[in-house]
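A.B. asks:
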Amino acid sequence: MKPTVRGERVPAAMQDRYDEIIALTDAFCAQHLTDEYRDLCRRLVATLCRKRPSPLVTGPARSWACGVAYAIGRVNFLFDKSQKPHMRADALCQHFGLSAQTGSAAQDQF
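All the letters of the sequence shown, read from the start, carry residue numbers 1 to 110 under our numbering.
1) Entirely within the segment 9-88 and at least 3 residues each: give me those beta strand (DSSP E) ranges in chain order.
2) Have a look at Arg9 and Arg42 and give me their C-alpha separation to the nearest angstrom.
3) Between the alpha carbons of Thr58 and Tyr70, how many angstroms are there, rounded?
4) Measure the alpha-carbon distance for Cys49 versus Gln83 and round it to whole angstroms.
5) Expressed to the nearest angstrom, what Euclidean distance is found between the alpha-carbon atoms of Gly97 and Asp39?
6) Within its chain, find whatever has a CB closer than 6 Å to the CB of Asp26; leave out the 5 residues flanking it on each side and keep chain order.
7) What is the rounded straight-line gap between the Cα of Asp19 and the Cα of Phe28?
8) If we ignore side chains and look at the alpha-carbon of each, how far apart do Asp90 and Phe77 end up?
9) Please report the Cβ distance between Leu44 and Val68, rounded to the nearest whole angstrom; I am assuming they are in contact, meaning their Cβ atoms lie under 8 Å.
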């Protein structure tokens with residue numbers, strides 16, 4: 001395993017998949033959220049890459065990116081209108097081209 005730019009360790013076999021997913025989450029966080037959210041998304045994706053077998057090998061990258069952003073947002077009260085930043089769950093999923101149901105189901109897998 002070699003460390004990524006931020007120091008997360010990702011198995012060599014999963015590096016391309018990691019890069020593909022974080023490209024999506026990084027772009028989303030840059031447009032709608034914060035660097036802290038970006039870092040949390042990267043850490044979660046790296047953790048899922050290290051899991052054996054990694055669930056990230058199946059399914060589209062955008063589904064995983066949405067699930068990761070949804071999970072991180074949910075535990076950090078992103079969907080609470082009184083918090084900053086705030087975003088509706090369906091808007092988050094729509095950014096990735098998915099329905100709110102699909103985004104919620106993806107985050108339930110981890």
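Backbone N, C-alpha and C define an ideal beta-carbon position, used for all residues, glycine too.
C.D. replies: Let me spell this out:
1) The qualifying runs do not exist here; there are none.
2) For the purposes of this step, residue 9 is taken as residue 9 along the sequence shown, with counting starting at 1. For the purposes of this step, residue 42 is taken as residue 42 along the sequence shown, with counting starting at 1. Cα-Cα distance, rounded: 10 Å.
3) Here the question's residue 58 lines up with position 58 in the sequence shown. Here the question's residue 70 lines up with position 70 in the sequence shown. Distance between the alpha carbons of Thr58 and Tyr70: 18 Å.
4) In the sequence shown, the residue the question calls residue 49 occupies position 49. In the sequence shown, the residue the question calls residue 83 occupies position 83. Cys49 and Gln83: Cα-Cα distance of roughly 30 Å.
5) As a working mapping, residue 97 is identified with position 97 in the sequence shown. As a working mapping, residue 39 is identified with position 39 in the sequence shown. When rounded, the distance between both Cα atoms is 22 Å.
6) Taking the sequence shown and counting its residues from 1, the one referred to as residue 26 is at position 26. The residues are Arg38.
7) As a first step, residue 19 must be located in the sequence shown, where it is residue number 19. As a first step, residue 28 must be located in the sequence shown, where it is residue number 28. So the alpha carbons of these two residues sit roughly 14 Å apart.
8) For the purposes of this step, residue 90 is taken as residue 90 along the sequence shown, with counting starting at 1. For the purposes of this step, residue 77 is taken as residue 77 along the sequence shown, with counting starting at 1. The alpha-carbon atoms of Asp90 and Phe77 are separated by roughly 14 Å.
9) Translated into positions along the sequence shown, residue 44 becomes position 44. Translated into positions along the sequence shown, residue 68 becomes position 68. Confirmed, Cβ separation roughly 5 Å.
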